[in-house]
Each structure stands twice: as structure tokens, then as C-alpha cells.
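Peer 1: Structure provided below as C-alpha cells; questions to follow.
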Amino acid sequence: MAKLWAGRFQKETDRTVNDFNSSVMFDCRMYAEDIQGSMAHAAMLGRQGIIPKEDAEAIREGLKGILADIEAGNIHFSPEAYEDIHMANEQLLTERIGDAGKRLHTARSRNDQVALDMRLYVRKQIGELRGLVLELMEVLCTLAEGNMETVMPGYTHLQRAQPITFAHHLMAYANMLKRDVRRLENCLDGLDELPLGSGALAGTTYPIDREFVAGELGFSAVMDNSLDGVSDRDYCIELCSSLSILMMHLSRLSEEVILWCSWEFKFIELDDAYSTGSSIMPQKKNPDVCELIRGKTGRVYGDLQTLLTFMKGLPLAYNKDMQEDKEAVFDAIDTVKNCLKVFAPMLATMTVLPANMELAARKGFLNATDCADYLTKRGLPFRDAYKAVGTLVHVCMETGNTLDTLPLEEYQKICPAFEEDVYQAIDLMTCVKERKSLGGPAPEEVARQLGKIKAFLTKKEQEI
Ligand code: ARG
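Everything in the sequence shown is counted per this note's numbering, starting at 10 for the first residue and increasing by one.
As C-alpha cells, this is what we get:
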């Protein structure tokens with residue numbers, strides 16, 4: 010098929026170059042945004058008297074028809090037929106409505122056109138991504154609500170450290186996801202300017218009305234510099250960076266779920282529908298979903314690297330390198346959506362095993378800090394109390410005791426300030442319930458955290 014730009018050329022494009030250059034196989038997913046942008050552009054051209062009003066109307070009608078046909082699956086995009094989605098829509102339009110179609114590209118370049126389409130596409134996708142993150146937060150809240158008093162070990166260095174509750178642990182992730190939502194929203198702010206009207210790089214001599222187009226397409230401002238307008242892919246990088254951080258969070262939780270469902274922990278059991286078996290070991294039940302999410306995190310980081318790397322050496326303004334933004338951004342979006350769609354129901358359906366969590370919390374001297382605090386509350390300086398309890402832990406280990414089973418005489422040998430009520434003070438439930446400091450694991454405090462996240466979710470639902 011002859012290229013729209015064939016006039017200057019004496020030869021046909023080499024077949025391999027044609028396929029290498031063409032992006033229609035992946036950018037065709039922006040068909041609706043391309044049509045939306047062209048409709049607004051055509052309306053502006055008509056209003057400004059740059060093209061006849063009837064032509065503007067014919068263009069809009071023609072584009073509507075193309076949209077319907079693409080959606081009905083009647084149009085086949087192939088590199089033989091089309092270079093990219095922008096050329097495809099214009100070619101299709103001209104085939105359908107003749108000369109009026111040839112007027113659509115007045116005062117516009119593919120450079121500002123693709124800059125616009127990509128913004129419109131990313132804007133829409135951010136809305137969907139944000140919705141999926143909010144759904145995952147809902148699942149975490151529901152799980153937390155059911156586990157406000159489920160005591161488990163909290164870890165540092167993956168060593169049992171202090172007792173917390175499962176709800177407290179889950180709310181940590183809810184807070185991370187809340188920041189992810191904010192980051193996604195920041196990306197929306199970052200792309201909220203219209204690039205169309207930048208032309209190829211240096212604007213245009215036509216009396217265009219960029220504010221009108223911005224209004225039609227829901228942008229709050231117009232990009233201020235035409236070179237920047239066609240060269241800016243910051244918002245793609247911001248999106249992939251936000252998605253990388255989001256994936257890092259999903260990956261950390263995945264890693265924990267993998268640990269939790271191992272026989273070594275057995276804190277949870279995944280639903281059969283969300284786990285997989287082994288081809289040889291009949292007993293196996295594997296957390297493949299979590300492992301894939303952990304693995305795909307690397308892939309999204311890779312997408313971010315792709316963008317950062319190909320952009321770093323580009324002189325202004327447009328360079329074809331920038332066509333590489335599509336596959337990276339699309340891949341990051343698809344990957345994150347797929348992960349969120351499977352992760353939320355996987356968490357919602359897993360069985361929590363509170364008895365095993367509590368059992369683990371009873372071993373490992375998780376109440377040692379509380380034991381030291383007991384002495385501090387009786388007037389000992391914390392360092393001295395710390396030392397005394399360190400010695401107690403040593404005695405326990407020598408005698409096969411825990412702090413709960415060690416006889417009072419042993420306590421008093423090391424520090425006479427210990428009395429019978431120490432056992433109450435170091436009881437696991439007391440340790441959790443007394444950690445009422447702001448942000449701590451005490452059920453009443455986690456309830457406050459939960460209330461805040463739920464209020465956030467309600468507010469976001471109203472905004473959507
Ligand atoms: N397919 C191209 C892209 O994705 C569209 C812009 C082409 N512009 C150009 N001057 N060749 O970047």
C-alpha cells in the first residue's frame with residue numbers, strides 16, 4: 010500500500026524496513042483515543058474556519074463509523090496495510106469520505122498526535138489501575154477486620170521480634186497501597202496538559218485554538234512550549250515508576266504469603282482455586298500466583314528502565330526512539346492489572362490459621378522487651394532492665410524454659426524487683442493490648458488505622 014508520505018520517494022520501502030518501522034500491531038490499542046483526538050481537532054479546524062464546516066462534520070461522522078467498525082472487529086490492522094494507528098485511521102477515513110478526510114491532518118503532525126493519544130490512553134488506564142488498587146485495599150480491610158485479635162509474631166531480620174496482630178500487619182500494606190494511589194493520582198496531574206497544537210515541533214501558522222481542544226478533551230491546560238509538547242514522555246516514566254513501587258509492595262506481600270503458607274510457618278492456607286500442583290510430587294500445593302507476581306515485578310522495573318534509557322540521549326524534539334515507549338508502558342500496565350486482578354481474590358479466599366500464628370508468637374521470647382519494660386516501670390533505668398532480661402533469656406535457654414514458665418525465684422535471683430505480677434505483664438495478649446501508642450498493634454489502635462483507610466476508600470469511591 011502506498012504510504013501517505015510516498016511523494017518524496019522514488020522507491021518502495023524495503024519489506025523488512027516496513028515491518029521494522031511499523032507500530033500498528035501494538036499501537037492499534039489506542040484506536041479510540043486516536044479517534045477522540047481527531048474528532049476534537051476536526052471540530053476546532055471547522056470552528057476556526059481552517060477547513061470548511063461541512064468537511065469537519067463529514068470527518069466526525071466518518072470517524073464515528075470507523076470507531077464502530079473497529080469495535081465490531083471489522084478492521085484488520087497489519088503492517089502491510091498500515092504504519093501506525095494514526096496513519097491507519099486517516100487512511101480509512103479518506104477511503105470512506107474522500108477529500109474531506111485529506112483535510113484532517115491540517116495544522117497537525119503525527120508527533121503531536123501521538124503525544125496526545127498516549128496521554129489520553131495513559132489517563133484512562135490510570136483510572137482503571139487506581140480502581141484495582143482500591144479493590145485490593147478493600148480486601149485487606151475486610152481481612153484485617155476479622156483478625157483484630159489474631160496475635161502473630163512480628164519480625165525483624167526475619168527473626169521473631171515482638172508480638173503484633175495479623176490485622177496490624179495487613180494494615181501496613183493498606184497504608185503502602187494508599188501511597189500508591191496517591192502516586193497514580195500525581196501521574197494524572199503530571200499529564201493534564203494538552204500537547205496537540207505543538208505541530209511537528211514548531212507550532213503552526215494556522216489560527217488554531219488549543220484551549221478549545223483542551224476543553225473538549227478534558228485537559229486543564231495547554232502545554233506551553235511546542236518542542237516540549239512533542240518531546241515529553243515524563244508522564245510515562247512517572248507512571249512506570251509508580252507502577253514499579255506498587256509492584257514492589259505486591260512483591261513483598263507475595264513473598265510473605267509464600268512464607269506463610271510453607272510448612273515452616275503455616276500461618277495461612279491458600280484456596281485450592283488459587284494454588285497449583287506439582288507434576289511429580291502428589292502432596293504439593295504451590296503458591297504460583299505469588300511467585301509470578303514477585304517475578305513480574307522485575308519485568309515492570311525493566312519497563313521503567315527501558316523508558317529511562319531510551320530517553321536519556323535524545324536531542325529535541327521528536328525521535329523515532331520514542332515509539333519504544335508504547336510496548337514498555339503497555340506491558341507495565343497489563344502486567345500490573347493482571348497481578349492486581351488475581352491477587353485480590355487470592356487474599357480474599359485464603360484461610361487464616363490463628364492458632365499457628367499464636368503458637369509461633371509463644372516461642373522466641375517475643376515478650377522480652379515487655380519484661381524489660383516491666384522493670385523500667387518499677388523504676389529501673391531501661392539499660393539495666395534490658396541487661397537483666399538478657400540474662401533471664403539466657404537462663405531460660407539453659408533450662409529449657411520460656412519467660413512464661415521460668416519460676417519467680419529465678420527471676421528474683423537476677424533482679425529482686427520482679428514480683429508475681431510479672432507473668433501477667435508478659436502475657437502475650439497483654440503485650441499486644443498494651444501497645445497502644447499511635448500506630449501500634451493494640452486492637453483499639455489498629456481499629457483507628459482501619460477507620461482512616463476505610464474513610465479514604467469511601468472518599469475515593471465517591472470521587473470515581
Ligand atoms: N508511530 C510513531 C510513534 O509511536 C508516531 C509518530 C511518528 N512520527 C514521525 N515523525 N515518524 O512515535
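In this text, a Cβ means the ideal position worked out from N, Cα and C, and glycines have one as well.
Small disclaimer: the values here were computed from a predicted structure and weren't measured.
Where DSSP assigns a beta bridge to A181, which residues make up the other side?
Peer 2: Taking the sequence shown and counting its residues from 1, the one referred to as residue 181 is at position 172. Bridge partners of A181: none, in fact.
Peer 1: Can you tell me which of the three DSSP states Y164 falls into?
Peer 2: Looking up residue 164 in the sequence shown gives position 155. Strand at Y164.
Peer 1: Keeping to the same chain, check which residues put their C-beta closer than 6 Å to that of A223; ignore five residues upstream and five downstream.
Peer 2: Numbered from its first residue, the sequence shown carries residue 223 at position 214. Around A223: L203, V231.
Peer 1: To the nearest angstrom, report how far apart M127 and E42 are at their CA atoms.
Peer 2: Residue mapping note: residue 127 aligns to position 118 of the sequence shown, counting from 1. Residue mapping note: residue 42 aligns to position 33 of the sequence shown, counting from 1. The straight-line gap from Cα to Cα measures roughly 8 Å.
Peer 1: Quick one: Cα of M149 to Cα of F465, how far?
Peer 2: Looking up residue 149 in the sequence shown gives position 140. Looking up residue 465 in the sequence shown gives position 456. The sequence shown places Leu at residue 149, not Met. Each residue's alpha carbon lies about 13 Å from the other.
Peer 1: List in chain order: all unbroken alpha helix (DSSP H) runs of 4+ residues lying wholly within the stretch 297 to 351.
Peer 2: Counting whole runs of 4 or more residues, the stretch 297 to 351 contains the alpha helix (DSSP H) stretches 297 to 320.
Peer 1: For H95, is the beta carbon positioned less than 7 Å from some heavy atom of the ligand ARG?
Peer 2: To locate residue 95, count along the sequence shown from 1; it is residue 86. Under cutoff, so the answer is yes.
Peer 1: Grab me the residues of G388's own chain with a C-beta within less than 8 Å of its C-beta, minus the 5 sequence neighbours each way, in chain order.
Peer 2: As a position in the sequence shown, residue 388 is number 379, starting the count at 1. A426, listed in sequence order.
Peer 1: Please report the distance separating the alpha-carbon of D330 from that of L205.
Peer 2: As a position in the sequence shown, residue 330 is number 321, starting the count at 1. As a position in the sequence shown, residue 205 is number 196, starting the count at 1. Approximately 20 Å, taken between the alpha carbons.
Peer 1: Hey, R69 and M96: beta-carbon distance below 8 Å or not?
Peer 2: Within the sequence shown, numbered from 1, the residue matching residue 69 stands at position 60. Within the sequence shown, numbered from 1, the residue matching residue 96 stands at position 87. Not in contact: R69 and M96 (Cβ atoms no closer than 8 Å).
Peer 1: In three-state terms, what does DSSP make of Y119?
Peer 2: Your numbering for residue 119 matches position 110 in the sequence shown. One point to set straight first is that residue 119 is Arg, not Tyr, in the sequence displayed. Correct three-state label for R119: helix.
Peer 1: Find the nearest neighbour of I135 within the set V431, D343, N365, judged by alpha-carbon distance.
Peer 2: Here residue 135 refers to the residue found at position 126 when the sequence shown is read from its first residue. Comparing Cα positions, the closest option is D343.
Peer 1: How far does the alpha helix (DSSP H) with P416 in it extend, from its first residue to its last?
Peer 2: Stepping through the sequence shown from its first residue, residue 416 is reached at position 407. Counting along the chain, P416 falls outside any alpha helix (DSSP H), and DSSP gives it neither H nor E.
Peer 1: Between the Cα of P162 and those of Q471, L437, D28, spot the shortest distance and give me the residue it belongs to.
Peer 2: Indexing the sequence shown from 1 puts residue 162 at position 153. Closest option to P162, Cα to Cα, is L437.
Peer 1: In the DSSP assignment, find the unbroken alpha helix (DSSP H) run with E470 in it and report its ends.
Peer 2: Taking the sequence shown and counting its residues from 1, one reaches residue 470 at position 461. Per DSSP, E470 belongs to the alpha helix (DSSP H) from 452 to 472.
Peer 1: Which residue marks the beginning of the alpha helix (DSSP H) containing K73, and which one marks its end?
Peer 2: Here residue 73 refers to the residue found at position 64 when the sequence shown is read from its first residue. Unbroken alpha helix (DSSP H) run through K73: 62 to 80.
Peer 1: Can you give the Cα-Cα distance for V131 and M320, rounded to whole angstroms?
Peer 2: Along the sequence shown, one-based indexing puts residue 131 at 122. Along the sequence shown, one-based indexing puts residue 320 at 311. Using only the alpha carbons, I get a separation of about 18 Å.
Peer 1: Alpha carbon to alpha carbon, how far is D297 from I267? Give it in angstroms, no decimals.
Peer 2: In the sequence shown, the residue the question calls residue 267 occupies position 258. In the sequence shown, the residue the question calls residue 297 occupies position 288. Their backbone Cα atoms lie some 9 Å apart in a straight line.
Peer 1: Rounded to the nearest angstrom, how far is the Cβ of N506 from that of T174, given a contact under 8 Å?
Peer 2: Absent from the structure is residue 506, since the part of the chain shown begins at 10 and ends at 473.
Peer 1: From L362, C249, F276, M359, pick the residue whose C-alpha is nearest to that of R4; which is it?
Peer 2: The requested residue 4 does not occur in the structure, where the chain is confined to residues 10 to 473.
Peer 1: Indicate, with yes or no, if the ligand ARG has a heavy atom lying under 7 Å from the CB of Q332.
Peer 2: Taking the sequence shown and counting its residues from 1, the one referred to as residue 332 is at position 323. Under cutoff, so the answer is yes.
Peer 1: Nearest CA to the CA of V402: which residue from K386, I423, T385, F391?
Peer 2: Along the sequence shown, one-based indexing puts residue 402 at 393. Checking every option, the nearest Cα to that of V402 belongs to I423.
Peer 1: When you compare only the Cα positions, how much space is there between E63 and G55?
Peer 2: If you number the sequence shown from 1, residue 63 lands on position 54. If you number the sequence shown from 1, residue 55 lands on position 46. Computed Cα separation, rounded: 8 Å.
Peer 1: How far does the alpha helix (DSSP H) with T285 in it extend, from its first residue to its last?
Peer 2: Here residue 285 is taken as the residue at index 276 of the sequence shown, counted from 1. Taken as a continuous stretch (DSSP letters only), T285 belongs to no alpha helix (DSSP H), as it is neither H nor E.
Peer 1: To which residues does DSSP link V231 through a beta bridge?
Peer 2: Within the sequence shown, residue 231 is the residue found at index 222, counting from 1. V231 is bridged to L203.
Peer 1: Counting pairs of Cβ atoms below 8 Å between the stretch 402 to 412 and the stretch 455 to 472, do you hit three or more?
Peer 2: Counting Cβ pairs under 8 Å, fewer than three are found: no touch.
Peer 1: On the CB-based measure, 16 or more other CB atoms within 10 Å of its CB, does Q433 come out buried or exposed?
Peer 2: Within the sequence shown, numbered from 1, the residue matching residue 433 stands at position 424. Per the 10 Å Cβ criterion, exposed.
Peer 1: Measuring straight from C-alpha to C-alpha, what distance separates R17 and A11?
Peer 2: Counting from 1 along the sequence shown, the entry for residue 17 is found at position 8. Counting from 1 along the sequence shown, the entry for residue 11 is found at position 2. One C-alpha to the other measures close to 12 Å.
Peer 1: Assign E429 to one of three DSSP states: helix, strand, or coil.
Peer 2: Residue mapping note: residue 429 aligns to position 420 of the sequence shown, counting from 1. Coil at E429, not helix or strand.
Peer 1: Looking only at C-alpha atoms, which of A181, R371, V431, L113 sits nearest to A170?
Peer 2: Counted from its first residue, the sequence shown places residue 170 at position 161. When each option's Cα is compared against that of A170, the closest is R371.
Peer 1: Using the beta-carbon count (16 or more within 10 Å), is S240 buried or exposed?
Peer 2: What you label residue 240 is simply residue 231 of the sequence shown in a count that begins at 1. Result: buried.
Peer 1: In chain order, what residues of the same chain have a beta carbon less than 6 Å from the beta carbon of D312, not counting five sequence neighbours either side?
Peer 2: Working through the sequence shown from its first residue, we reach residue 312 at position 303. Counting only Cβ-Cβ distances below 6 Å, and skipping sequence neighbours, we find C249, A337, D340, A341.
Peer 1: Using the rule of at least 16 other Cβ atoms within 10 Å of the residue's Cβ for burial, across every protein chain shown, is E92 buried or exposed?
Peer 2: As a position in the sequence shown, residue 92 is number 83, starting the count at 1. Classification of E92: buried, given that the 10 Å Cβ count is 16 or more.
Peer 1: Ends of the alpha helix (DSSP H) at I84?
Peer 2: The count along the sequence shown starts at 1 and reaches residue 84 at position 75. Looking at the DSSP string, I84 is not in any alpha helix (DSSP H), and its letter there is neither H nor E.
Peer 1: Can at least three beta-carbon pairs, one atom from the stretch 346 to 363 and one from the stretch 376 to 385, be found at a separation below 8 Å?
Peer 2: Contact fails: fewer than three Cβ-Cβ distances are below 8 Å.
Peer 1: Between G199 and D243, which are expected to be in contact by the criterion C-beta below 8 Å, what is the C-beta distance as a whole number of angstroms?
Peer 2: Sequence index remark: in the sequence shown, residue 199 carries index 190 (1-based). Sequence index remark: in the sequence shown, residue 243 carries index 234 (1-based). Yes, G199 and D243 are in contact; Cβ-Cβ is about 6 Å, under 8 Å.
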